[in-house]
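Same order as they appear, the protein sequences are chains A and B.
Residues in the first sequence are numbered from 15 upward in steps of one, following our numbering.
Residues in the second sequence are numbered from 15 upward in steps of one, following our numbering.
Where is the CB? At the ideal position from N, CA and C, for every residue including glycine.
Since the structure comes first, as structure tokens, the remarks are kept for the end.
2 protein chains.
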Amino acid sequence: MKRIDFTLYAITDRSFIKGMDIAEAVEIAIKNGVTVVQLREKDISSREFYEIALKVKEVTRKYNVPLIINDRVDIALAVDAEGVHVGPDDLPVGVVRRILGPDKIVGGSAYSVEEALKAEKEGADYIGAGSVFAQPVKPEAEVIGIEGVRKIKEAVNIPVVAIGGVNKTNAYEVILHSGVDGISAIAGIFDGDIEANTKDMLREIRRAFKERGK
Amino acid sequence: MKRIDFTLYAITDRSFIKGMDIAEAVEIAIKNGVTVVQLREKDISSREFYEIALKVKEVTRKYNVPLIINDRVDIALAVDAEGVHVGPDDLPVGVVRRILGPDKIVGGSAYSVEEALKAEKEGADYIGAGSVFAQPVKPEAEVIGIEGVRKIKEAVNIPVVAIGGVNKTNAYEVILHSGVDGISAIAGIFDGDIEANTKDMLREIRRAFKERGK
Ligand code: NI
């Protein structure tokens with residue numbers, strides 16, 4: 015399960031998902047080409063997180079897409095998710111690797127080469143590098159641009175996904191000039207028409223991969 | 015480590031712990047007779063919870079007192095705590111037991127005999143039964159009285175600690191009439207003079223144990 019297709023990595027955010035449950039939204043995204051799903055929940059109880067994760071796991075299992083849980087190693091273990099993604103406010107990458115063992119996927123966030131190298135050294139399987147662009151929903155995030163993402167990609171030997179304000183209008187440029195292995199998106203996928211967002215983004219990513227000769 | 019002395023089980027609450035850090039407060043409580051420590055944190059990041067838990071674990075390890083983490087199985091694994099306590103909003107007892115295996119302590123909350131039997135069946139090592147009394151800090155908690163706690167104690171074959179509004183003024187009555195194995199307290203220990211609270215409560219509990227012939 016460690017060999018992952020990072021082309022289009024969707025991160026859930028219930029604030030964008032209206033009128034349907036998260037599992038339904040995830041299913042639309044997967045049907046239209048999302049290759050990895052990260053379930054991200056804040057400000058809910060462990061029991062609620064667990065129950066949502068169980069439902070989402072049913073969908074990802076059905077389509078054989080890896081499910082990554084944001085932050086909560088216990089929820090990942092509880093639903094037998096494929097992995098965990100941790101950022102600066104979460105458990106350190108090395109601690110997560112120790113708990114999960116060698117077979118689960120561990121991802122780390124980085125906005126600098128130094129952080130990315132640290133996460134790689136601690137056992138991360140991939141890096142979420144960003145923020146590429148400024149995001150209205152996350153004004154506190156450090157913006158490193160396509161250039162900052164490219165430096166991270168060049169520094170590490172593990173896959174890198176670009177994150178932060180990437181959508182169908184800029185995914186082509188990000189892939190082409192940063193050299194990353196895929197795009198990670200929240201609003202870019204779940205804000206609005208999930209089917210159209212996913213298809214358009216995937217087309218732009220593939221167009222850039224082709225241009226790069228990947 | 016499964017053989018626990020549940021006599022006086024302290025649950026941390028930072029809102030009562032002023033002018034010192036949680037590890038210091040826990041050390042005072044342990045020095046004065048607390049036999050189990052539960053670290054309970056809400057509304058902080060996983061990283062902060064982890065860092066506090068590491069500090070508290072240093073103290074509990076020094077005095078050879080078991081450390082139980084409230085809710086977060088991942089934090090317990092990260093700091094190698096002795097166990098986890100889960101309530102109705104947390105992961106189910108059976109899931110926690112499956113993740114932690116047979117050697118860690120798993121505690122469950124119950125306000126009814128039915129819930130207590132369910133937790134026991136799912137693999138709980140002990141029950142936190144209550145609320146014994148109404149608590150201003152937790153107005154939503156179901157109050158079951160000393161009688162409700164006694165029914166739970168009589169129904170299960172695992173240790174029971176009484177929780178909810180128990181302090182030095184009522185611990186004697188609770189122990190004497192409910193037959194429980196110990197008292198669990200938050201405010202009863204950490205609100206005010208921790209040393210005096212702990213000593214007084216322990217004296218009352220022991221007086222009732224003696225009266226009961228335990
Ligand atoms: Ni260009």
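Would you check if the segment 185-195 of chain B and the segment 131-138 of chain B touch, i.e. whether three or more CB-CB distances between them fall below 8 angstroms?
no
Buried or exposed: which applies to M15 (chain B), given that a residue is buried once 16 or more other Cβ atoms fall within 10 Å of its Cβ?
At M15 (chain B), the pLDDT of 45 sits below 50, so the modelled position is not reliable and the matter cannot be decided from this model.
Who are the near neighbours of E156 (chain B) in its chain, counting only those whose CB is closer than 6 angstroms to its CB and skipping five residues on each side?
Contacts found: Y125.
Would you list the residues sitting across from A169 (chain A) in a DSSP beta bridge?
A169 (chain A) pairs with nothing; no bridge assigned.
Residues bridged to Q52 (chain A) by DSSP?
Q52 (chain A) is bridged to A:I25, A:I82.
Taking C-beta pairs closer than 7 angstroms, name the residues in chain A that D85 (chain B) reaches, listed in chain order.
S60
Look up M15 (chain A) in the DSSP assignment and say whether it is helix, strand or coil.
Low per-residue confidence applies at M15 (chain A): pLDDT is 45, beneath 50, and the placement is therefore not dependable enough to give any value.
At least 3 beta-carbon pairs within less than 8 angstroms: the segment 76-83 of chain A vs the segment 32-48 of chain B:
Touching, no, given that fewer than three Cβ pairs across the two stretches are closer than 8 angstroms.
Going by C-alpha distance, which of A:I113, A:A39, A:V48 is nearest I197 (chain A)?
A:V48
Should V98 (chain B) and V87 (chain B) be called a contact, given that it needs their Cβ atoms to be closer than 8 angstroms?
yes
Show which residues of chain A have a CB atom less than 7 angstroms away from the CB atom of A124 (chain B).
Per Cβ cutoff of 7 angstroms: no residues; A124 (chain B) is ~15 angstroms from chain A at best.
Using a Cβ distance threshold of 8 angstroms, determine whether the segment 51-62 of chain B contacts the segment 22-32 of chain B, with at least three qualifying pairs required.
yes
Report yes or no: do three or more beta-carbon pairs, one from the segment 141-149 of chain A and one from the segment 109-119 of chain A, lie closer than 8 angstroms?
no
Which residue comes first and which comes last in the beta strand (DSSP E) that contains A199 (chain A)?
196-199
Give the DSSP-derived three-state secondary structure of V146 (chain A) in the structure shown.
coil
Distance between L22 (chain B) and G178 (chain B) (C-alpha atoms, nearest Å):
Whole-angstrom Cα-Cα distance: 13 angstroms.
For V70 (chain A), decide whether its Cβ has a neighbour in chain B, counting only Cβ atoms nearer than 8 angstroms.
no
Give every residue of the same chain whose Cβ lies closer than 6 angstroms to the Cβ of I158 (chain B), excluding the five residues on either side of it in the sequence, and list them in chain order.
Y125
Counting only runs of 3+ residues fully inside the segment 77-145 of chain A, write out the beta strand (DSSP E) ranges in chain order.
81-84, 97-100, 119-124, 140-144
Please check the pair V194 (chain A) and V170 (chain A), which I expect to be a contact at CB under 8 angstroms, by giving their CB distance rounded to whole angstroms.
Actually they do not touch by this definition, with Cβ atoms about 11 angstroms apart.
Across which residues does DSSP place A176 (chain B) in a beta bridge pair?
B:A143, B:I197
I believe A92 (chain A) touches Y64 (chain A) by the beta-carbon criterion, under 8 angstroms. Please report the beta-carbon distance rounded to the nearest angstrom.
So it is a contact: roughly 5 angstroms between Cβ atoms.
Proximal residues of chain B, C-beta to C-beta of V109 (chain A) below 8 angstroms:
Y64, A92
Could you tell me which chain B residues have their CB closer than 9 angstroms to the CB of I113 (chain A), listed as they occur along the chain?
Residues of chain B passing the Cβ test: D88, L91, A92.
Would you say V73 (chain B) and E41 (chain B) are within 8 angstroms of each other, going by their C-beta atoms?
Yes, they are a contact pair.
Can you pull the chain B residues whose beta carbon is under 9 angstroms from the beta carbon of D117 (chain A), in chain order?
In chain order: nothing, as chain B lies at least about 16 angstroms away.
C-alpha gap between I31 (chain B) and T183 (chain B), whole angstroms:
21 angstroms
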